Structures are given as C-alpha cells and as structure tokens.
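Structure first, commentary second.
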Amino acid sequence: MTFTVPSELEAELNELITHYPQKRSASLMFLHALQEHFGHISKEAVEWTATKLELQPINIWELVTFYPMFRQEPVGRHQIKVCRTLSCALGGSHTLHKHLCSRLGLDSKKHGIQTTQDGKFSVEFVECLASCGTAPVAMCNETFHEAVTQEKADAILSECR
C-alpha cells in the first residue's frame with residue numbers, strides 16, 4: 003500500500019516548512035495536519051513525514067509516541083473525552099465514563115481509548131480538561147461540556163447519532 007497525501011494538503015505542508023529555520027521544526031505541525039486529515043498517524047505517514055523533512059523515521063516516531071494527542075489507530079467519528087483528574091473524579095467522572103461505556107457497548111474497565119464496532123464513537127479518560135469547578139467535564143470532538151450528568155451524556159450521544 004502506498005501512502006498518498008492529497009496535493010492540496012502537501013502544498014499546505016510545503017508552505018509550512020518555509021516558516022521554520024529548519025525543516026525538522028515543522029514536525030509537530032505536520033503531524034497535527036496529517037492526523038486532522040487522516041484521523042490518525044499511520045506508519046506510512048511517519049515515513050512520509052520523515053522523508054519530507056529529511057529526518058529518520060525514529061525522529062518522527064519519538065513525537066508520535068511521546069505526545070498523547072497523536073493517535074496511531076483510527077478512532078471514532080465522535081471522540082468523547084472524560085476528565086479523570088481529582089475534581090472530576092470527585093464530581094463523578096468515573097460514573098460518567100462507566101455510563102457512556104455501558105450505553106455504547108464498551109468495557110468501562112479497559113484501559114485506553116475504545117471505539118465502537120461501527121466506528122461512530124470513541125471513549126477515553128483524559129487528564130485535566132481545565133474546568134475543575136464544573137466537574138465532571140467531557141469533550142465530544144471539539145465541543146466542551148460541563149457538569150455532565152448521565153442525562154446530559156445521553157443527550158450528547160443522541161445529538162451525535
């Protein structure tokens with residue numbers, strides 16, 4: 003299988019390189035753009051990026067495996083992130099996570115991100131979403147939700163279906 007970046011995206015990335023004193027400095031921005039387009043960072047994307055930036059693939063893998071915002075596997079169309087840090091945990095985030103998993107047929111005891119078989123939803127615990135006073139908080143894609151009850155969680159799922 004060959005990895006192909008659409009010409010429009012490649013032109014955007016070529017322009018991006020010109021904004022940095024060294025090509026390698028564009029690495030993170032490349033990865034963000036590729037993940038936004040493809041939904042995750044594949045092995046082929048890593049190799050393509052390394053070649054484009056005149057680096058070794060390990061230089062890109064270091065970034066992909068270090069930063070938790072980069073995904074190495076496809077995720078659902080609707081990504082639900084539930085905060086698990088102290089304020090949210092005390093506010094019921096573990097109950098919220100369990101409820102979401104139950105509604106979506108996922109295992110709430112499994113670590114890491116989980117995706118429904120139909121590829122519509124992914125659920126994961128994340129670290130602080132920076133709204134401790136409105137716990138528990140969650141994000142669905144780029145939409146932030148505060149004081150998420152089970153009823154609000156059900157409404158979020160309904161909006162996405």
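Following my numbering, the numbering of the sequence shown begins with 3 at its first residue and continues without gaps. Backbone N, C-alpha and C define an ideal beta-carbon position, used for all residues, glycine too. Keep in mind it's a predicted model, so treat the numbers as computed, not measured.
Closest by CA to residue i, which one among the options?
i	options	result
residue 16	162, 105, 53 and 152	53
residue 141	86, 104 and 112	86
residue 138	88, 68 and 45	88
residue 25	100, 56 and 150	56
residue 45	27, 67 and 28	67
residue 129	76, 71, 109 and 150	71
residue 92	150, 61 and 75	150
Near residue i, what residues of its chain come up, given a Cβ to Cβ distance below 6 angstroms and the 5 sequence neighbours on each side ignored?
i	result
residue 123	78, 80 and 106
residue 131	85 and 139
residue 121	78
residue 116	108 and 125
Can you grab the Cα-Cα spacing for the pair residue i / residue j, in whole Å?
i	j	result
residue 94	residue 40	33 angstroms
residue 153	residue 135	19 angstroms
residue 155	residue 143	14 angstroms
residue 96	residue 119	22 angstroms
residue 102	residue 69	25 angstroms
residue 8	residue 163	29 angstroms
residue 10	residue 63	24 angstroms
residue 47	residue 6	9 angstroms
residue 90	residue 28	35 angstroms
residue 110	residue 61	34 angstroms
residue 12	residue 21	15 angstroms
residue 112	residue 14	38 angstroms
residue 98	residue 65	31 angstroms
Give me the Cβ distance between residue i and residue j, rounded to the nearest whole Å; I'm assuming they're in contact under 8 angstroms.
i	j	result
residue 127	residue 84	6 angstroms
residue 125	residue 158	At roughly 11 angstroms, the Cβ-Cβ gap does not stay under 8 angstroms, so residue 125 and residue 158 are not in contact.
What does a CB cutoff of less than 7 angstroms around residue i pick up in its chain, not counting 5 residues either side in sequence?
i	result
residue 37	43, 72 and 73
residue 19	25 and 28
residue 148	133, 136 and 139
residue 160	none
Might you give, ordered along the chain, the residues of its own chain that have their beta carbon closer than 8 angstroms to the beta carbon of residue i, omitting 5 neighbours on each side?
i	result
residue 58	52
residue 104	110
residue 76	41, 42, 117 and 121
Residue i CB to nearest chain D CB: under 7 angstroms?
i	result
residue 133	No chain D is part of this structure, which consists of one protein chain only.
The segment 43-60 touching the segment 25-32, judged by at least three CB pairs closer than 8 angstroms:
yes
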